[in-house]
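Just below is one structure, and these are the notes that go with it.
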Amino acid sequence: MAAPAQILLENVSHVYRPVRGREVLALDQVSLQVANREFVALLGPSGCGKSTLLYLIGGFLPVEAGSITVDGKKVTGPGPDRGIVFQHFALFPWKTVRGNILYGLERQGMPKAEREKRAQDFIELVGLHGFEDSYPSQLSGGMKQRTAIARTLAFDPAILLMDEPFGALDAQTRGLMQAELMRIFQRTPKTVIFVTHDVQEAVYLADRVAVMSARPGRIKTIVDTKFDKKAENIFKERVFVEKVDEIWHLVREEAIKAQGRRST
Amino acid sequence: MAVRHVTTRARIKTWPAKAARILPLLLARCFSVAALLAAWEILARSGIFTPFQLPPFSAVVLRIWNDGAAGDLWINLALTLYRALAAFAICVLAGVAVGTAMSRSGLARWFFDPIVSVGFPMPKIAFLPVVILWLGVYDLSKITMAVIDAIFPVIAATVIGIQGVERELIWSARNMGASERDLLRQVVLPAALPQIMTGLQVALPLALIVTVVAEMLMGGYGLGGAMMTASRFANSTGVFAGIVEIAALGYALVKAMSLIRRRLLAWHPEAHAPSTV
Ligand SMILES: Nc1ncnc2c1ncn2[C@@H]1O[C@H](COP(=O)(O)OP(=O)(O)OP(=O)(O)O)[C@@H](O)[C@H]1O
Ligand SMILES: [Mg+2]
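Sequences listed follow chains W and F, in order.
For the first sequence, the positions run 332 to 595 when my numbering is used.
For the second sequence, the positions run 118 to 394 when my numbering is used.
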């Protein structure tokens, strides 16, 4: 790869040590390089450590084994340069949709008029017009998810860590959001690590797809998926279908392994 | 504009319907109390009890009315209310502060945890003689007694509330650039507010109860003191008047607290459910 790695993971392992119960080795010697402005999709069976990996890059969990650097600097804590969209949204329930989106902009010290306008732009973008003053408890799962996406996009991080950001959306909304995301990245290019269970989505959005093994999580294979995706019926093109098929088989193998271990 | 017009008309149209729906509910809710009061009145007039043992409710109401006209009622009511609310305010500030410190600093937890564990289940009224010895029998000692009792539920609720805050909420705030100082005020306390409010809803009636008990035991003005005075003069109507006044005051305070809760927690899913109390 010609471009220098912006995110560099070297032999990162992570063990959860709950106060009660047994230790879990969630990640085992994971190494990964993500170039500046690259879009990497992360696939793998449930419980293989995808969220954990994002938490480590985000600086929310301490890196205890191995090293993670972003722009050459060791990750020691969270920062607005790495925006995360949590799998379970993590919206502030006491703030409205608008309040949630404004929070990050306020923390950045953006002037009031400007941040109000920016928040409104992102509300429109994710199709939540008319729900600006609703609280999260009044929203559907998909609406919460769109609020969470808008909240993170609004403060414009250089790196986006997205944990199944479209998981709660119906197929149509999902398609629209994917297209919207691609448009945003064309305007303001970003480095993205994107967790998903949807192989088609991964192949469509990503430059590379990393398939993780069942727990303890490792990067099993990385598949290059950078090809021209502008065609009208891209989902039916042969290159596309073949890539989906290849990755689908890799993921399926791991899912069976994870399943098998669970039942023994 | 058109939309607003329609909703206004709809509201006017449904208002009598709404009243028709709510009124029976309201009556039904008051029914048990009304029945109890009626039974009291009938029993008192039946001759089973002497008026000294059980004065009729109407006589008690008349007595309250006269006390109100004379002004005694208001002095006693105001004093009891002042003591209970002062104690409650101290409990809110100190209780939330101690609870927060306990959840955030190991040192504070090490120091306060044994005190709370021993103090919470203990009958704090046992401190009364000591408090009288140290602080006398006036406002300060009555308020102190109420604080000693009512602060524990606030501390416990704050600790539990803060412990229950999801780590992802804190992470997402830090992700958006919140500092450690921002976190407490902007994320931790709002997220723990439903639990803290529950603690406060326990603490307020407790503060009132202990205030009245302290007034009864220490004497002086206040609803509790007035009841003991009436009892000393064998004025049974006065004693029962005190009971009714305390019940009414307690109800008003609890009701006010649940209204405040609904306002503060308008964002909470519970706010969309119909009220029960
Ligand atoms: N807080 C925790 N304490 C203990 N173990 C945990 C904790 N969080 C996760 N784990 C364990 O770590 C492993 C990886 O969890 P993680 O959430 O990263 O998986 P995931 O790949 O994101 O799964 P999913 O696709 O279901 O979201 C899981 O097997 C889980 O048992
Ligand atoms: Mg996950």
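Cβ atoms here follow ideal geometry from the backbone N, Cα and C, with glycine treated the same way.
Remember, predicted model here, so these are calculated numbers, not experimental data.
Which whole runs of the alpha helix (DSSP H) in the segment 214-288 of chain F are 4 residues long or more, in chain order?
You should have 223-236, 245-252 and 256-280.
Can you confirm whether F/LEU310, when its beta carbon is compared against all beta carbons of chain W, has any partner nearer than 9 Å?
Yes, F/LEU310 counts as interfacial toward chain W.
Please classify W/THR504: does DSSP put it in a helix, a strand, or coil?
W/THR504: helix per DSSP, three-state reduction.
Would a C-beta distance cut-off of 9 Å place F/VAL271 and F/GLY216 closer than the cut-off?
Yes. Within cutoff.
Which parts of the segment 540-595 of chain W are runs of the beta strand (DSSP E), unbroken and 3 residues or longer, counting only runs that do not cross its ends?
If we require 3 residues or more, the beta strand (DSSP E) runs fully inside the segment 540-595 of chain W come out as 550-555.
Indicate whether W/GLN476 and W/PHE420 have their beta-carbon atoms separated by less than 9 Å.
Yes, Cβ-Cβ distance for W/GLN476 and W/PHE420 is below 9 Å.
Suppose you measure from the CA of W/GLU447 to the CA of W/SER377; what does that come to, to the nearest Å?
The straight-line gap from Cα to Cα measures roughly 38 Å.
Do F/VAL329 and F/LEU340 have their C-beta atoms closer together than 9 Å?
Going by C-beta atoms, F/VAL329 is nearer than 9 Å to F/LEU340.
When Cβ atoms are compared, which residues of the segment 272-285 of chain F fall closer than 9 Å to chain W?
If the cut-off is 9 Å between Cβ atoms, the segment 272-285 of chain F has GLU283, ARG284 and GLU285 near chain W.
So for W/ARG353, helix, strand or coil by DSSP?
Correct three-state label for W/ARG353: coil.
Closer than 6 Å by C-beta to W/LEU356: which residues in its own chain qualify, once you throw out the five before and the five after it? Chain order, please.
Around W/LEU356: VAL346 and PRO547.
For W/ARG438, go through chain F and note every residue whose CB falls closer than 8 Å to its CB, in chain order.
Chain F residues near W/ARG438: MET293, GLY294, ALA295 and ASP299.
Between the Cα of F/ILE159 and those of F/LEU171, F/ILE377 and F/PHE205, spot the shortest distance and give me the residue it belongs to.
Out of F/LEU171, F/ILE377 and F/PHE205, F/LEU171 has the C-alpha closest to the C-alpha of F/ILE159.
Have a look at W/MET543, W/ARG368, W/LEU392 and W/LYS426 and flag the residue whose alpha-carbon is nearest the alpha-carbon of W/GLN469.
Selected option, being the one with the closest Cα: W/LYS426.
Could you check how far apart the C-beta atoms of W/HIS528 and W/GLU495 are, in whole angstroms? I think they sit under 8 Å.
Indeed, because the Cβ distance is near 7 Å, the residues count as touching under 8 Å.
Along the chain, where does the alpha helix (DSSP H) that runs through F/PHE357 open and close?
Here the alpha helix (DSSP H) through F/PHE357 covers 353-381.
Does F/TRP384 have its Cβ less than 9 Å from a Cβ in chain W?
F/TRP384 counts as touching chain W.
Since W/HIS528 meets chain F, which of its residues come closer than 7 Å, beta carbon to beta carbon?
Result: empty, since nearest Cβ-Cβ is about 20 Å, beyond 7 Å.
Counting only Cβ pairs nearer than 8 Å, list the residues of chain W close to F/PRO307.
Chain W residues near F/PRO307: PHE423 and TRP425.
To the nearest angstrom, report how far apart F/ALA320 and W/GLN337 are at their CA atoms.
So the two alpha carbons sit approximately 54 Å from each other.
Indicate the three-state DSSP secondary structure (helix, strand or coil) for F/THR328 in the structure shown.
Three-state DSSP puts F/THR328 in a helix.
Based on the DSSP output, what are the partners of W/ARG413 in its beta bridges?
Bridge partners of W/ARG413: W/ILE490.
W/LEU484 bridges to which residues according to DSSP?
Bridge partners of W/LEU484: none, in fact.
Strictly by DSSP, which residues pair up with W/SER398?
In DSSP, W/SER398 forms a bridge with W/GLU341.
At a CB-CB cut-off below 8 Å, which residues of chain W make contact with F/TRP288?
Under the 8 Å cutoff, chain W gives TYR386, GLY389, PHE391, PRO409, ILE415, PHE417 and ALA421.
Measuring only the C-alpha atoms, how far is F/LYS241 from F/MET262?
Looking at the two C-alpha atoms, the distance is approximately 8 Å.
Mapping the DSSP letters down to three states, classify F/PHE205 as helix, strand or coil.
If DSSP states are grouped into helix, strand and coil, F/PHE205 belongs with the helices.
What does the alpha-carbon distance come out to for the pair W/LYS521 and W/GLU354?
Roughly 36 Å separates the two Cα atoms.
Do F/GLY278 and F/ILE232 have their CB atoms nearer than 9 Å?
Against a cut-off of 9 Å, the Cβ pair of F/ILE232 and F/GLY278 comes out as no contact.
With H, G and I counted as helix, E and B as strand and the rest as coil, what does DSSP make of W/LYS475?
In this structure, W/LYS475 counts as helix in the three-state DSSP scheme.
In three-state terms, what does DSSP make of F/GLN170?
Of the three classes helix, strand and coil, the one that applies to F/GLN170 here is coil, per DSSP.
Is W/SER382 close to ligand 2? I mean its beta-carbon at under 8 Å from any heavy atom of the ligand.
Checking every heavy atom of ligand 2 against the Cβ of W/SER382, one is found closer than 8 Å.
What residue range does the beta strand (DSSP E) around W/ALA372 cover?
Start and end: 370-374.
Where does W/THR383 fall in DSSP's three states?
Note: W/THR383 maps to helix in three-state DSSP.
Leaving aside the five residues before and after W/PHE417 along the sequence, list all residues of the same chain whose C-beta is less than 7 Å from its C-beta, in chain order.
Once the five neighbours on either side are set aside, the close Cβ partners of W/PHE417 are ALA479 and ASP494.
Could you compute how far the alpha carbon of F/ARG138 sits from the alpha carbon of F/ALA155?
Each residue's Cα considered, the two are about 26 Å apart.
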